[in-house]
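Protein chains in written order, with my numbering: chain A, 1 to 150; chain B, 1001 to 1133.
Yeah, the Cβ is synthetic: ideal placement off N, Cα and C, and Gly gets one too.
In this text, all values refer to a predicted model and were calculated from it rather than measured experimentally.
Accompanying notes for the structure given below.
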C-alpha cells in the first residue's frame, strides 16, 4: 500500500515545517499587508502621540533608488537593491546569499495622519518614515480643576 | 549619508572572554564572498548595525563577526507591529593560511559590511613564462 506522503504540509518532514513556522512567529501582531517569511524589506511600525513611525529594514540600497509615496492612507516604499558586483573579471563567487532586485512594501496608515507632513531618512540600512498625525487627533492632556475649599 | 570606514579588526589573542559569559542566541547574517587574485571580499548584510556595535575578531584563523542591531526610536513610541526584532548577529569563518590577517579592511555602508582580506604577496598566482628553445 502506498502512503500519501505529501498530504501533510511540509511533505516528508512535517515536523520540520511546523518548527520553521513556529520560529517565524513573532510576539507582536503583523500587518494585514505583511507577507510570508523572507519578505523584503521587513517593516516595523509604531505610534507616538504626534506621529506614526515606520522603519523598513533595507540594507545596501542606494538612497536615490528609494521611493516613498503616500496615497489614500497607504504608505508605499519601493526601491531596488543592486547586486554586489564583482571587482574584477576573474572573480570567483563562493557565497551569494544577499538578494538583489526590486522590492515594494505597502503599509496601511491610520486615518488620522497628515500626508503633507512626512519625513524620511535612511541610516545604517534602515529607512525611517515619520508621518505626523493631524492636529485634532493628537492626544491632549486636560487639566482637571477642582473647587478646593480646604 | 555618511560612509563609515573602520578598522575594527582586533585580535582576540590578547583579550580572552570569561568562560561564564553566556552566548546570546544570534542570527546568521546573509553574506556574499568574492575572491580574485589579490583579495577575498566578504559582504555581510547587517541592517541596524553601526560601527560601535559591530565586533570583528580573528582568533587562531577563525574570523568571527558579532553585532547587535538597534533602531533609534522615539522614547514615547508604542510598537504596533515588528517584523524585525533587533537581533544579534553572529557568523564565523575559517581563514586559510595564505590570507594576510594584519591588513584586513572593514567598511560599513548602509548596513552592508565589506571586509577585504588580502592575500599574502608570496601566495598570489604568478605567470611563468615558457621560453621556446
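Could you list which residues in chain B have their beta carbon closer than 8 Å to that of residue i, in chain order?
i: residue 114/A; result: None at all; the shortest Cβ gap to chain B is about 17 Å.
i: residue 92/A; result: 1034, 1035 and 1036
Measure from the C-beta of residue i to each C-beta in chain B and report whether the shortest distance is under 7 Å.
i: residue 78/A; result: no
i: residue 102/A; result: no
i: residue 151/A; result: Since the first residue of chain A shown is 1 and the last is 150, residue 151/A is not available in this structure.
i: residue 88/A; result: yes
i: residue 147/A; result: no
i: residue 124/A; result: yes
i: residue 152/A; result: In the structure displayed, chain A extends from 1 to 150; residue 152/A sits before or after that span and is not available.
i: residue 69/A; result: no
i: residue 37/A; result: Because the pLDDT of residue 37/A is 49, which lies under 50, any placement of that residue in the model is unreliable, and the number read from its coordinates should be weighed accordingly. False, the Cβ-Cβ gap to chain B never drops below 7 Å.
i: residue 141/A; result: no
i: residue 56/A; result: no
Step through the CB atoms of chain A and report whether any lies within less than 7 Å of the CB of residue i.
i: residue 1121/B; result: no
i: residue 1071/B; result: yes
i: residue 1105/B; result: no
i: residue 1050/B; result: yes
From the options, pick the residue whose C-alpha is nearest to that of residue i; which is it?
i: residue 1110/B; options: 122/A, 107/A, 109/A and 115/A; result: 122/A
i: residue 138/A; options: 59/A, 43/A, 49/A and 71/A; result: 49/A
i: residue 1121/B; options: 1027/B, 1044/B and 1037/B; result: 1037/B
i: residue 1060/B; options: 1102/B, 1035/B and 1128/B; result: 1102/B
i: residue 111/A; options: 73/A, 66/A and 60/A; result: 73/A
i: residue 113/A; options: 147/A, 63/A, 75/A and 83/A; result: 75/A
i: residue 77/A; options: 58/A, 52/A and 135/A; result: 58/A
i: residue 1082/B; options: 1132/B, 1039/B, 1071/B and 1028/B; result: 1071/B
i: residue 39/A; options: 103/A, 89/A, 71/A and 53/A; result: 103/A
i: residue 1063/B; options: 1077/B, 1042/B, 1074/B and 1052/B; result: 1042/B
i: residue 62/A; options: 148/A, 107/A, 101/A and 135/A; result: 101/A
i: residue 126/A; options: 1112/B, 1119/B and 1127/B; result: 1112/B
i: residue 65/A; options: 46/A, 90/A and 79/A; result: 79/A
i: residue 86/A; options: 1039/B, 1130/B and 1084/B; result: 1039/B
i: residue 105/A; options: 52/A, 148/A and 70/A; result: 70/A
i: residue 204/A; options: 90/A, 51/A and 60/A; result: Because chain A here runs from 1 to 150, residue 204/A falls outside it and cannot be looked at.
i: residue 43/A; options: 91/A, 81/A and 129/A; result: 129/A
Output, in chain order, the set of chain B residues within a Cβ distance shorter than 7 Å of residue i.
i: residue 59/A; result: 1045, 1046, 1047, 1110, 1111 and 1112
i: residue 53/A; result: 1073, 1074 and 1077
i: residue 84/A; result: 1032 and 1043
Report the neighbours of residue i on chain A: residues whose CB is nearer than 7 Å to its CB, in chain order.
i: residue 1025/B; result: Result: empty, since nearest Cβ-Cβ is about 11 Å, beyond 7 Å.
i: residue 1059/B; result: Going along chain A, no residue has its Cβ under 7 Å from residue 1059/B, so there is no contact; the nearest lies around 21 Å.
Can you name the residues of chain A whose CB is closer than 8 Å to the CB of residue i?
i: residue 1031/B; result: 95, 97 and 98
i: residue 1129/B; result: Ordered by position in chain A, no residue passes the 8 Å Cβ test against residue 1129/B, which lies about 19 Å from the chain.
Check the Cβ of residue i against every Cβ in chain B and list those closer than 9 Å, keeping chain order.
i: residue 47/A; result: 1077, 1078, 1079 and 1080
Kindly give me the distance between the Cβ atoms of residue i and residue j, rounded to whole angstroms, as I take these residues to be in contact under 8 Å.
i: residue 98/A; j: residue 1030/B; result: 5 Å
Which whole runs of the beta strand (DSSP E) in the segment 76-128 of chain A are 3 residues long or more, in chain order? 92-96, 101-108 and 113-123
At which residue ranges does the segment 1081-1133 of chain B contain complete beta strand (DSSP E) runs of 3 or more residues, listed in the order of the chain? 1088-1094, 1105-1109 and 1112-1118
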